[in-house]
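Structure first, commentary second.
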Amino acid sequence: GAVVSQHPSWVICKSGTSVKIECRSLDFQATTMFWYRQFPKQSLMLMATSNEGSKATYEQGVEKDKFLINHASLTLSTLTVTSAHPEDSSFYICSAKAFRGGSTDTQYFGPGTRLTVL
Amino acid sequence: GENVEQHPSTLSVQEGDSAVIKCTYSDSASNYFPWYKQELGKGPQLIIDIRSNVGEKKDQRIAVTLNKTAKHFSLHITETQPEDSAVYFCAASPATGRRALTFGSGTRLQVQP
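In order, the protein sequence lines correspond to chains F and A. The opening position of the first sequence corresponds to residue 1445 in our numbering, with each subsequent residue numbered one higher. The opening position of the second sequence corresponds to residue 8 in our numbering, with each subsequent residue numbered one higher.
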């Protein structure tokens, strides 16, 4: 299947700093990428949908000024957690989907990034 | 929007037994239903999916069934092995377009050796 990578796999930062997470589709072009957050023993919660070349669409309750998303190319989307606080500590997972119009496309997930804010 | 319910939340079986996980969805526009396996500290891995023009799909020890009229779909794992132990998530979405998947709450499967 298609491969999606994330970097870094884990990060520890101090409260108030910003953290950038990269999501790359390695062997296909992803016109749409999604960012999810997962707290321990919970399901994946969609944060935002990232479309190449346009602004991201955020889910209700997700602060767009705090979670900056950039999808500058067909293989790269970034999530920046600005002014991180301990409550932002979570497992962040991206996924990528290739949209070919009229056909079904599978959504592949990255390995996730564990963020710990001290 | 779509709402996906998943049961049971935990499931413990003996090695070699079968395991069944069930999901229901609410949006009749959904026609793509994947299942993911997530191991601790890792991202979800697609194990099987089914589209609404198919009632059943099988891949070795894993099968998925879909009842579109009743809006429910199930994952069946036969001859379970300890390495099947993980959290399994069902999901639903329209097959086309840029909509994200809506996930169920997950089932923690424990296969006892």
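Quick reminder that beta carbons are idealized off the backbone N, C-alpha and C, glycines included. In this text the structure is predicted, and so the values were computed from the model without any measurement.
Who are the neighbours of residue i on chain A, taking C-beta pairs under 9 Å?
i         : result
F:Ser1469 : Residues of chain A passing the Cβ test: none, with the nearest at roughly 13 Å.
In or out: residue i buried (at least 16 other Cβ within 10 Å) or exposed?
i         : result
A:Thr76   : exposed
F:Trp1454 : exposed
F:Gly1545 : Because F:Gly1545 sits at a pLDDT of 48, beneath the cut-off of 50, its placement in the model cannot be relied upon, and the following sentence gives the value as read from the coordinates. That one is exposed.
A:Pro51   : buried
A:Gln67   : exposed
A:Arg58   : exposed
A:Gln119  : exposed
F:Gln1504 : exposed
F:Asp1471 : exposed
F:Thr1461 : exposed
A:Gly62   : exposed
F:Leu1559 : buried
For residue i, go through chain F and note every residue whose CB falls closer than 7 Å to its CB, in chain order.
i        : result
A:Ala107 : Phe1478, Leu1490 and Thr1493
A:Gly113 : Ser1487
Could you list which residues in chain F have their beta carbon closer than 9 Å to that of residue i, in chain order?
i       : result
A:Asp66 : In chain order: nothing, as chain F lies at least about 13 Å away.
Taking only three categories from DSSP, how would you classify residue i?
i         : result
A:Asp66   : strand
F:Pro1452 : coil
F:Glu1466 : strand
F:Ser1547 : With a pLDDT of only 47 at F:Ser1547, under the threshold of 50, the placement of this residue in the model should not be trusted; the figure read from the coordinates follows. It is coil, neither helix nor strand.
A:Glu12   : strand
F:Asp1532 : helix
A:Pro41   : strand
A:Arg91   : For clarity, residue 91 of chain A is Asp in the given sequence; the question names Arg instead. Looking at A:Asp91 - three-state DSSP - the assignment turns out to be helix.
A:Asp34   : coil
F:Leu1488 : coil
A:Lys29   : strand
Quick one: list the residues of chain F neighbouring residue i, beta-carbon separation under 8 Å, in chain order.
i       : result
A:Phe96 : Ser1487 and Leu1488
A:Phe80 : Simply none; closest approach about 15 Å.
A:Lys49 : Pro1555 and Gly1556
Is the beta carbon of residue i within less than 7 Å of some heavy atom of the ligand FMN?
i         : result
F:Phe1511 : No copy of the ligand FMN appears in this structure; indeed no ligand is present at all.
Give me the Cβ distance between residue i and residue j, rounded to the nearest whole Å; I'm assuming they're in contact under 8 Å.
i         : j         : result
A:Leu18   : A:Leu116  : 5 Å
F:Ala1446 : F:Thr1519 : Not really, about 11 Å apart at Cβ, beyond 8 Å.
F:Ile1465 : F:Thr1526 : Wrong, their Cβ atoms sit about 12 Å apart, outside the cutoff.
F:Met1489 : F:His1515 : The Cβ separation is near 19 Å, so there is no contact.
Under 8 Å between beta-carbons, which chain A residues line up against residue i? List them in chain order, please.
i         : result
F:Thr1550 : Pro41, Leu53 and Asp56
F:Ile1537 : Gly50 and Pro51
Can you pull the chain A residues whose beta carbon is under 7 Å from the beta carbon of residue i, in chain order?
i         : result
F:Ile1513 : Within chain A, no residue comes near F:Ile1513; the closest Cβ sits about 13 Å away, beyond 7 Å.
I'd like to know if the region 1549 to 1561 of chain F and the region 16 to 24 of chain A are in contact, where contact means that at least 3 CB-CB pairs between them fall below 8 Å. No, because fewer than three Cβ pairs between the region 1549 to 1561 of chain F and the region 16 to 24 of chain A fall closer than 8 Å, the two stretches do not touch.
Is the region 1532 to 1542 of chain F in contact with the region 1497 to 1508 of chain F, if contact means three or more CB pairs nearer than 8 Å? No, the region 1532 to 1542 of chain F is not in contact with the region 1497 to 1508 of chain F.
Are the region 87 to 106 of chain A and the region 31 to 45 of chain A touching, with three or more C-beta to C-beta distances below 8 Å? In the pairwise beta carbon analysis, the region 87 to 106 of chain A is classified as touching the region 31 to 45 of chain A: at least three pairs are separated by under 8 Å.
Three or more C-beta pairs closer than 8 Å, one from the region 32 to 43 of chain A and one from the region 67 to 82 of chain A: is that the case here? A contact exists between the region 32 to 43 of chain A and the region 67 to 82 of chain A.
Assess contact between the region 77 to 93 of chain A and the region 106 to 113 of chain A, defined as three or more Cβ pairs (one per stretch) separated by less than 8 Å. Is contact present? Not touching, per the Cβ criterion.
Meets three-Cβ-pair contact criterion under 8 Å: the region 1483 to 1491 of chain F and the region 1456 to 1464 of chain F: Fewer than three Cβ pairs drawn from the region 1483 to 1491 of chain F and the region 1456 to 1464 of chain F lie within less than 8 Å of each other, which leaves the two stretches out of contact.
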